[in-house]
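In this note's numbering, the protein residues as written are 373 to 662.
Glycine included, every Cβ here is placed at the ideal spot set by N, Cα and C.
One structure below.
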Amino acid sequence: MPEALFVGLSTLDIAYAVDRYPGEDTKTQANDQFLGAGGPAANAAVACAIVSGRPATLITALGRHPLTDLVRHDLTGQHVTVVDVTPESSTKPPVSSIVVALEAGSRTIVGLDAARIQAPYTADLAEHVENASTVLVDGHHPELAMGIARRANALGVPVVLDAGRWKPIHDQLLPLTEIAICSKAFSPPDFHGDGPALVDYLRSAGPKHAAVTQGPDPILFASDGQHGSVEITPVTEAADTLGAGDILHGAFCAYYGQSRDFLDALTRASAVSTLSCRSFGTRNWANDLP
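So, in structure tokens, the structure goes:
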């Protein structure tokens, strides 16, 4: 069976768990810490490998800075094959500093993302698309995302778009997308509607299937003329939402690659995402996966 392919951002994540957010100009001892690979596409690739029990492939920009060894080692340890499009770059990788407030069930992230990275698309990358069951793009490396999405379209490989927040490249990616899953924070220019209107906006832009996540509230979706919602199981204990959306996307790709059933894959992936919120960090949930 072909493997899932993920295209986009990799970061080095340094996360700390605290009971509540620290005050300004204070020092706080954390309850726990996490150090490892992050970024939407990277986290999704790890989640897909965990859920499917099969390796996943990630096309990203890392380079040869010493800090990238931490990212690469973590990903390969999670059965993710890394294809680096900037192997000779000595630029520092984006580092995300994260505070997870367990009592509030929220997280705050400060990082550079891909703002200073040029990730090219080259013809030799097409072979990875040819061997893929699904392709997920997160839009953080626009040239790379467009090149892979166009190739996937030409080959009939389903493209899944992780659209967390609006980026200008989304105007070009949405028509190439079969499935768009975004958060309620996704806000296109001149759009002022609610969740159902956002689902309709996504569908009108090209995707066959669309879904909007709303944190602990139901996921809204539209598929084949059907509108509906997927209920979310409440997390009653202290919650860590770090990477929950990325994990949902990765689990979705694992399930959709097997069944091509959009609603079933979305429902099962939402359960995995909820499970991930019950433990700190973006990896520990795997120990509790049925």
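Annotation: the continuous alpha helix (DSSP H) that includes Glu515 extends over Pro514 to Leu527. In the three-state reduction of the DSSP assignment, Tyr493 falls in the coil class. Taking C-alpha positions only, Ala419 is separated from Gly615 by approximately 10 Å.
In this structure, the alpha-carbon of Glu460 lies about 35 Å from that of Ser648. Look at the region 462-494 and you find these whole runs of beta strand (DSSP E), each 3 residues long or longer: 467-473 and 478-482. Per DSSP, reduced to three states, the secondary structure at Cys554 is strand. Rounded to the nearest angstrom, the Cβ distance from Ala414 to Leu377 is 13 Å, too far for a contact under 8 Å. The region 578-589 makes contact with the region 540-557, as at least three CB pairs between them are under 8 Å. Pairwise C-beta distances place the region 530-545 in contact with the region 559-578, as three or more of them are shorter than 8 Å. Val467 and Pro547 have their C-alpha atoms roughly 31 Å apart. Ala428 and Ala504 have their C-alpha atoms roughly 9 Å apart.
Excluding its 5 nearest sequence neighbours in each direction, Ser559 has C-beta neighbours in its own chain below 8 Å: Arg537 and Trp538, listed in chain order. Under the 10 Å beta carbon count, Arg479 is surrounded by 16 or more other beta carbons and is classified as buried. One thing to note: Ser424 has its Cβ no nearer than 9 Å to the Cβ of Gly617. For Gln544, the enclosing alpha helix (DSSP H) starts and ends at His542 to Leu545. Counting along the chain, Tyr393 sits inside no alpha helix (DSSP H), nor does DSSP assign it H or E at all. Within the region 552-606, the complete alpha helix (DSSP H) segments of 4 residues or longer fall at 567-576, listed in chain order.
Around the beta-carbon of Ala569, fewer than 16 other beta-carbon atoms lie within 10 Å, marking it exposed.
Secondary structure of Val452 (DSSP, three-state): strand.
Between the region 485-494 and the region 510-528, the count of C-beta pairs closer than 8 Å reaches three or more; the two stretches touch.
Here Leu384 is buried. Its C-beta has 16 or more other C-beta atoms within 10 Å. CA-to-CA, the gap between Ser595 and Arg426 works out to about 28 Å. Between Ala641 and Gly435, the alpha-carbon positions lie close to 32 Å from each other. By the Cβ neighbour-count rule, Phe624 is buried, with 16 or more other Cβ atoms within 10 Å of its own. Under the three-state reduction of DSSP, Leu614 is assigned to coil, being neither helix nor strand. Within the same chain, and ignoring the five residues on either side of Ser469 in sequence, the residues whose Cβ sits closer than 6 Å to its Cβ are Ile386 and Val482. The beta carbon of Gly567 sits closer than 8 Å to the beta carbons of Lys556, Val584, Gln586 and Leu592 from its chain, once the five residues preceding and following it are set aside; these are given in chain order. Shown here for Arg444: same chain residues with a beta carbon closer than 7 Å to its own, the five before and five after excluded, namely Leu434 and Val454 in chain order.
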